[in-house]
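J.: Offset between the sequence shown (1-based) and this note's numbering: plus 765. Dropping the structure in here first, questions after.
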Amino acid sequence: MENKNKNPMALILKNATFVDWESLEFTDTNLLVQEGEKGGVTFIKNLDSENISTDDDIIDCSGKLVTKSFGVGHIHVYSALARGMPPPAKTPENFPEILEYIWWTLDRCMDKETIEASALATAMACAKNGATFAIDHHASPNYIKDSLDIISKAFEKVGVGHLLCYEVTDRGGLDKAQLGIEENENHLKRKQGLVGMHASFTVGNDTMKKVKEITERYNSGVHVHVAEGIYDQQHCMENYNKRVVERLNDYGFLNSPKTILVHCLHIDNNERNILKNTNANVVQNTESNLKNKVGYFVSHGLDENRILLGTDGMHTDMLQSSKAAFFVGQGYDKIDAGLAYKRFRNIHRYIDKNGLEGDGENNLVVLDYDAPTPVNKDNFLGHFTIGLKSNHVQHVISNGKLIVKDRILQTIDEKETLNFTKEQTKRLWAEMEKINKNRKINT
């Protein structure tokens, strides 16, 4: 831990059991947490008048575990208001129809207010589930310009770090594809970010070349869905005579350690070999894959140091995602508790190696974990895969600032914000219903 001079106004976690996120070493100590992007965390053996002041915010963490907060490797802000939404005009029969009748219907209906509501809902859920950083892949084809600015402001209002991009795609026409490219570029001029693409089967060569130019201009990477459904591979072979990973590699996207490839379910051994020998990262989204019936993630041949966990917008509970990866993987993947934890924590390594901000030492979570058995370094992974849940998250600290205290957000009014998200949800669903009714009439 980094030793720094005492800040006259600081957050102190008293009587904490600190768990180092990398070594899993347990230390009984007091923690002085300094606020700010460069703020550190200092172990204090004894609390006295020389190292604390009456202005300090002191939280008693007796019997609690304190460790690094969590991160979401892939999420969709635009899906935050989908829970309980009206059924589609027809029951999808395959993955392309799931996109067409559900998600592409929803994202077409997004506007300024519903984007803001979705971003606030996502950031709030991240914080309360212990995640202080999220990598988002956004789409709102009828409200592209300034959409990333709306999301970033919402996340910063709550206190959650972010790495955003807009999903570039030709499915709405080349004009909208260009708007998506411009939105990525405008965001990269102001903030850290990636350049988004939907998937190979909705991005033509001309658009892909333009995306590559932006990634090079801003030393960024691409964030793209890869072989989530078998159709992605079929389309790529029919139109480009190559597989998806080969196509992306030919454009040089895989050279960047910032590049994120989402899903990678239907890839062959050659593609796995390409991924292992380039710098791209893969994000596993087990629950989404189960929901969409698209297949199972298999890590064979991939670099475990570059496999992250995400939720694909289903939720923000990374402890739940890690359990899903572990349990489903028993039948389909070579994964044990150690690898589940490694993938869960690889987002921190991704952030660090790419020099990104928002995930420093002073991002912490306090877990009120009332285990009926001893918890220590030797058995922590067993507790991680079986016992730890998001309801154990009591306090969350982001950049040294307490953003969740006793499970209540400190940065915004939860009740007021949820009233706003519910009102915007009604508007969003009403617009979706109009599209659904027109489709039913036409069929």
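Glycine residues also receive a C-beta, built at the ideal position from the N, C-alpha and C atoms. Bear in mind that the values here come from a model prediction, so they are computed numbers and not experimental data.
Note down the Cα distance separating Arg1008 from Pro1139, rounded to an integer number of angstroms.
T.: When rounded, the distance between both Cα atoms is 50 Å.
J.: Quick one: residues in its chain with C-beta nearer than 7 Å to the C-beta of Arg1037, no 5 flanking neighbours on either side, listed in chain order?
T.: His1065, Gly1066 and Leu1067
J.: What is the DSSP secondary structure of Met1079, reduced to helix, strand or coil?
T.: coil
J.: On the criterion of 16 or more Cβ atoms from any shown chain inside 10 Å, does Asp1082 qualify as buried, or is it exposed?
T.: buried
J.: With DSSP collapsed to three states, give me the class of Asn768.
T.: Its pLDDT being 38, under 50, Asn768 is placed unreliably by the model, and the measurement read from it follows with that caveat. Coil, per DSSP.
J.: DSSP three-state label for Asn1042, please.
T.: coil
J.: Hey, quick one: how far does the alpha helix (DSSP H) through His1250 stretch, first residue to last?
T.: Given a span of 766 to 1208 for the chain in the structure shown, any question on residue 1250 remains unanswerable.
J.: Below 8 Å, can you find three or more Cβ-Cβ pairs linking the region 1109-1125 to the region 1140-1147?
T.: no
J.: Look up Glu1122 in the DSSP assignment and say whether it is helix, strand or coil.
T.: coil
J.: At which residue ranges does the region 1086-1167 contain complete alpha helix (DSSP H) runs of 4 or more residues, listed in the order of the chain?
T.: 1102-1118 and 1145-1151
J.: Determine the closest residue to Lys975 out of Leu789, Leu944 and Asp997, with distance taken between C-alpha atoms.
T.: Distance from the Cα of Lys975 is smallest, within the candidate group Leu789, Leu944 and Asp997, for Leu944.
J.: Kindly list the residues whose CB is nearer than 7 Å to the CB of Ala919, restricted to its own chain and excluding five residues on each side of it in sequence; keep chain order.
T.: Glu881, Ala884, Leu885 and Ala888
J.: Across which residues does DSSP place Phe791 in a beta bridge pair?
T.: Residue pairing from DSSP places Phe791 in a beta bridge opposite Val784.
J.: Rounding to the nearest angstrom, what Cα-Cα distance links Glu790 and Phe783 in this structure?
T.: Approximately 8 Å, taken between the alpha carbons.
J.: Looking at C-alpha atoms only, which residue of Gly1165, Pro1137, Lys1154 and Tyr1097 is the closest neighbour of Asn1128?
T.: Answer by Cα proximity: Gly1165.
J.: Per DSSP, His903 forms a beta bridge with which residues?
T.: Tyr931
J.: Tell me the rounded alpha-carbon separation between Glu1198 and Lys922.
T.: 31 Å
J.: Assuming Val925 and Ala892 are in contact, meaning their beta carbons sit under 8 Å apart, how far apart are those beta carbons, in whole angstroms?
T.: 6 Å
J.: Classify Val989 as helix, strand or coil using the three-state DSSP reduction.
T.: strand
J.: Excluding the five sequence neighbours on either side, which residues of its own chain have a C-beta within less than 6 Å of the C-beta of Asn795, listed in chain order?
T.: Lys779, Ile809 and Leu812
J.: For Glu1069, does the count of other Cβ atoms within 10 angstroms reach 16, so buried, or fall short, so exposed?
T.: exposed
J.: Using the rule of at least 16 other Cβ atoms within 10 Å of the residue's Cβ for burial, across every protein chain shown, is Glu932 buried or exposed?
T.: buried
J.: Please check the pair Ile1168 and Val1161, which I expect to be a contact at CB under 8 Å, by giving their CB distance rounded to whole angstroms.
T.: About 5 Å separates the CB atoms of Ile1168 and Val1161; that is less than 8 Å, so the two are in contact.
J.: Look at the alpha carbon of Lys833 and the alpha carbon of Arg955, and state the distance between them as a whole number of angstroms.
T.: 27 Å
J.: What's the gap between the Cα of Ser844 and the Cα of Val987?
T.: 21 Å
J.: Take every Cβ of the region 1084-1103, pair it with every Cβ of the region 1045-1054, and state whether three or more of those distances are shorter than 8 Å.
T.: In short, these stretches touch, since the Cβ pair count reaches three.
J.: Could you give the distance in angstroms between the alpha-carbon of Lys771 and the alpha-carbon of Ser917?
T.: Confidence in Lys771 is poor, its pLDDT being 46 and thus under 50, which makes the residue's placement unreliable; the coordinate value appears in the next sentence. Rounded to the nearest angstrom, the two C-alpha atoms are 31 Å apart.
J.: From Ala890, Thr897 and Arg1204, pick the residue whose C-alpha is nearest to that of Gly1182; which is it?
T.: Looking at the sequence itself, residue 1182 is Thr, so the reference to Gly does not match. Answer by Cα proximity: Ala890.
J.: For a quick check, are the C-beta atoms of Gln998 and His1031 less than 8 Å apart?
T.: In contact: Gln998 and His1031 (Cβ atoms closer than 8 Å).
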